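Presented below is the structure to which this report refers.
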Amino acid sequence: MNIELRHLRYFIAVAEELHFGRAATRLNISQPPLSQQIQLLEQEIGARLLARTNRSVQLTAAGQQFLLDARQIMLNVTKAAEKAARLHRGDEGELRIGFTSSAPFITAVSDALFNFRQRFPAVHVQMQEI
Numbered sequence: 006m007n008i009e010l011r012h013l014r015y016f017i018a019v020a021e022e023l024h025f026g027r028a029a030t031r032l033n034i035s036q037p038p039l040s041q042q043i044q045l046l047e048q049e050i051g052a053r054l055l056a057r058t059n060r061s062v063q064l065t066a067a068g069q070q071f072l073l074d075a076r077q078i079m080l081n082v083t084k085a086a087e088k089a090a091r092l093h094r095g096d097e098g099e100l101r102i103g104f105t106s107s108a109p110f111i112t113a114v115s116d117a118l119f120n121f122r123q124r125f126p127a128v129h130v131q132m133q134e135i
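Just so we're aligned, residue 6 is where the sequence shown starts under the working numbering, counting upward by one.
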C-alpha cells in the first residue's frame, strides 16, 4: 500500500466538511486534485469511503471507520514528532551520573540536580555510585 499522510489529511478534511469544495478551500488546494487524490486513496484501500451524489457527500461505513483510524494516525504522527523534538532539545530523555560517596562537592551536586529536575522534569536522572 502506498498511502501518504497527505491522503489522510485530505480525507479527514472531506469527511469533516462533507463537501469537496469547502475541504479544498480549507486545505488551500483546488477541488479537482482533491477529488482525484480521494479516488486514488479509495482505489489503494479497495473500499468506497465516501458516498457521493450531485448534492451531498456522506461517509460509508468503511469511511466512518477509516476516519477514526486516520485521526488516530495523525495524532500519533504529531505526538512522535513532538517527542523527537523534545528529545533533541534535551527536554526529555535520560541522564546518567556516576558518583563517589566521598565526593567533596556533594552539596553542590545535590543543588545542581535539584535545579536540573525543576527545569527538566521529563528527564529521568539515574545515579550510580562508582
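Built from N, CA and C at the ideal position, the CB exists for glycine as well. Values in this document were obtained by computation on a predicted structure and should not be read as measured data.
Check: residue i C-beta below 7 Å from any heavy atom of the ligand FAD
i	result
Phe-121	Inclusion of the ligand FAD in the displayed structure is not the case, the ligand content being empty and no account of it being possible.
Presumed contact (8 Å Cβ cut-off) between residue i and residue j, rounded CB distance
i	j	result
Glu-97	Val-128	6 Å
Thr-65	Leu-55	7 Å
Leu-32	Leu-39	7 Å
Glu-49	Met-79	Not really, about 17 Å apart at Cβ, beyond 8 Å.
Where residue i sits in the DSSP three-state scheme
i	result
His-129	strand
Leu-54	coil
Alpha-carbon spacing of residue i relative to residue j, whole angstroms
i	j	result
Glu-134	Arg-94	28 Å
Arg-76	Ala-113	48 Å
Phe-119	Glu-99	15 Å
Ala-29	Arg-91	33 Å
Gln-63	Val-82	26 Å
Ser-106	Lys-88	35 Å
Ala-20	Gly-51	18 Å
Leu-13	Met-132	44 Å
Buried versus exposed call for residue i [16 or more other C-beta atoms within 10 Å across all chains shown]
i	result
Gln-123	exposed
Glu-9	exposed
Ile-102	exposed
Ile-111	exposed
Gln-69	exposed
Gln-41	exposed
Phe-104	exposed
Ala-86	exposed
Ala-147	Since the first and last residues shown for the chain are 6 and 135, residue 147 lies out of range.
Residue i: first and last residue of the uninterrupted beta strand (DSSP E) it sits in
i	result
Gly-98	97 to 104
Leu-64	62 to 64
First and last residue of the uninterrupted alpha helix (DSSP H) at residue i
i	result
Ile-17	10 to 22
Ser-115	111 to 124
Min CB distance residue i to chain B below 8 Å
i	result
Gln-77	Absent from the structure is chain B; it holds one protein chain and no more.
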